[in-house]
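Heads up, the thing below is written out as C-alpha cells.
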Amino acid sequence: MKWTHTLRDFQHFLRIERGLSENTIVNYSHDIEKLIRFVENNAINHSPLSIDEATVQQFIYEIAKVLNARSQTRIISGLKSFFNYLVFEDYRKDNPTELIEAPKIGRKLPDTLALKDIEKLIAAIDLSKNEGHRNKAIIETLYGCGLRVSELVNLKISDLFFDEGFIRVTGKGDKQRFVPISSITKKYINLYIQGQRQHVPYIPEFGDTVFLNRRGKQLTRVMIFTIVKRLTEKSGLKKNISPHTFRHSFATHLLENGADLRAIQLMLGHESITTTEIYMHVDRSHLAKVMEKYHPRT
Numbered sequence: 001m002k003w004t005h006t007l008r009d010f011q012h013f014l015r016i017e018r019g020l021s022e023n024t025i026v027n028y029s030h031d032i033e034k035l036i037r038f039v040e041n042n043a044i045n046h047s048p049l050s051i052d053e054a055t056v057q058q059f060i061y062e063i064a065k066v067l068n069a070r071s072q073t074r075i076i077s078g079l080k081s082f083f084n085y086l087v088f089e090d091y092r093k094d095n096p097t098e099l100i101e102a103p104k105i106g107r108k109l110p111d112t113l114a115l116k117d118i119e120k121l122i123a124a125i126d127l128s129k130n131e132g133h134r135n136k137a138i139i140e141t142l143y144g145c146g147l148r149v150s151e152l153v154n155l156k157i158s159d160l161f162f163d164e165g166f167i168r169v170t171g172k173g174d175k176q177r178f179v180p181i182s183s184i185t186k187k188y189i190n191l192y193i194q195g196q197r198q199h200v201p202y203i204p205e206f207g208d209t210v211f212l213n214r215r216g217k218q219l220t221r222v223m224i225f226t227i228v229k230r231l232t233e234k235s236g237l238k239k240n241i242s243p244h245t246f247r248h249s250f251a252t253h254l255l256e257n258g259a260d261l262r263a264i265q266l267m268l269g270h271e272s273i274t275t276t277e278i279y280m281h282v283d284r285s286h287l288a289k290v291m292e293k294y295h296p297r298t
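Counting in the UniProt record's numbering, the sequence shown tops out at residue 298, every number present.
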C-alpha cells in the first residue's frame, strides 16, 4: 500500500466517518506529509504498513530540531490518529506511535481585550468608506456572538433569526448551533444588509451570504485577518490582535460577569467542557466575588 493512497483513504475517513472540518483534515494531512517526505528523503524502504517505531522516533527527533513543543505535540497527535486508523481498518496490527510521548507544554492562555480596547477598534472604522458599515458589523458579530473566522465568512442571511434573537452557526464538522444575538449586533448587521450590501454586484452563488467583498463575492478568512490588522494599526493599540481575539474576549467577558460555563460552552460550540475551562484561568478575580455573593457561609 502506497503512502499517497493511504493518505487519501485517511482523508476520506476523517471527512465521512468522523465529520471533521476541511481545515482540520488539511492539518492532519500536512503532518502525515512531513513523515512521508522524511521517509523519501532518507531512502527508507518502509510503507505505511511496515514503518516501525524506531523510524517514527527518528522522524520526531528531526522535527524537534526545528519545531517548538506545541508544534511537535500537534504532529505526534496527527500521526497517532493516522496509525490508529490503519489499525482500526485492520491494515496494521500495531500502532508504531503508541509508546511515543508528546513533549510537555504549558497551557497557553488566550489573548483578550478590555471593553475599552474593543470600543477603540470600532471607533477607528471609517464609516464614510464603502466598506465601513460592513467592517463594523463584522467586528460587532465577532465580539457579540463569539464566532470563529470560518463561521463568520460562511454566515448566511437565512441563518439570521432576528425575531427570535438567535443566529444559526455552522461550526467545525458542519455541526450547527444557535447563538443568541444582542440588539446592538442585530442593528449593525441590518444597517449593512439594508445599506452598503445593496450596492455590490449580485452573484446568485453568494446571494445568501451575509458578508461580501466589493465584487459581490464571499469574504475570505485572509480578508478578515487583514481588516482586523488594519484596524489595530489605525487605533494605535500595541497588541497582537486577530479575529480570534474577539472570540476569546466574548467568552472571558461573559465569564467575568457571572455567565455559566456550560452556557458559554454551548455558545462557543466546544465539544468538551475542558476546552471552555481554559477561560477560568484568564482572570480569577471574579471568582472571589461569586463566592462572596452566593456562598451561604460568607
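Glycine included, C-beta positions come from ideal geometry on N, C-alpha and C. Keep in mind that this is a model prediction, so the values were computed, not measured.
For residue i, the residue or residues it bridges with in DSSP
{"i": "P180", "result": "F166"}
{"i": "K156", "result": "T209"}
{"i": "Q218", "result": "L212"}
{"i": "residue 304", "result": "The structure shown does not extend to residue 304, since the chain is modelled only from 1 through 298, so no value can be given for it."}
8 Å contact criterion, which residue i and residue j should meet: CB distance rounded
{"i": "L254", "j": "I273", "result": "Contact flag wrong, Cβ pair sits at about 15 Å."}
{"i": "K120", "j": "S249", "result": "The Cβ separation is near 13 Å, so there is no contact."}
{"i": "K172", "j": "S77", "result": "So it is not a contact: roughly 16 Å between Cβ atoms."}
{"i": "A102", "j": "T73", "result": "4 Å"}
{"i": "L266", "j": "R168", "result": "Not really, about 13 Å apart at Cβ, beyond 8 Å."}
{"i": "T97", "j": "L79", "result": "5 Å"}
{"i": "I241", "j": "L113", "result": "7 Å"}
Coarse secondary structure for residue i, derived from DSSP in three states
{"i": "F211", "result": "coil"}
{"i": "D9", "result": "helix"}
{"i": "Y202", "result": "coil"}
{"i": "G19", "result": "coil"}
{"i": "D174", "result": "helix"}
{"i": "D52", "result": "coil"}
Cβ neighbours of residue i in the same chain (closer than 8 Å, five flanking residues each side left out)
{"i": "E62", "result": "F38"}
{"i": "D208", "result": "K156, I157 and S158"}
Cβ neighbours of residue i in the same chain (closer than 6 Å, five flanking residues each side left out)
{"i": "residue 335", "result": "Residue 335 lies beyond the range of the chain shown here (1 to 298); nothing can be said about it."}
{"i": "V149", "result": "R221, I224 and P243"}
{"i": "S182", "result": "G144"}
{"i": "I36", "result": "W3"}
{"i": "I32", "result": "L7 and F82"}
Where the alpha helix (DSSP H) containing residue i begins and where it ends
{"i": "L231", "result": "R221 to S235"}
{"i": "P243", "result": "P243 to E256"}
{"i": "D31", "result": "E22 to N41"}
{"i": "A124", "result": "From DSSP, A124 is part of no alpha helix (DSSP H); its letter is neither H nor E."}
{"i": "R262", "result": "L261 to L268"}
{"i": "S71", "result": "A69 to F88"}
Beta-carbon proximity list for residue i, same chain, < 7 Å, skipping 5 on both sides
{"i": "T141", "result": "L147, L152, T185 and I189"}
{"i": "N135", "result": "I125 and I227"}
{"i": "L14", "result": "L20, I25 and Y28"}
{"i": "H270", "result": "T276"}
Min CB distance residue i to chain C below 9 Å
{"i": "T4", "result": "The structure shown contains no chain C, having only a single protein chain."}
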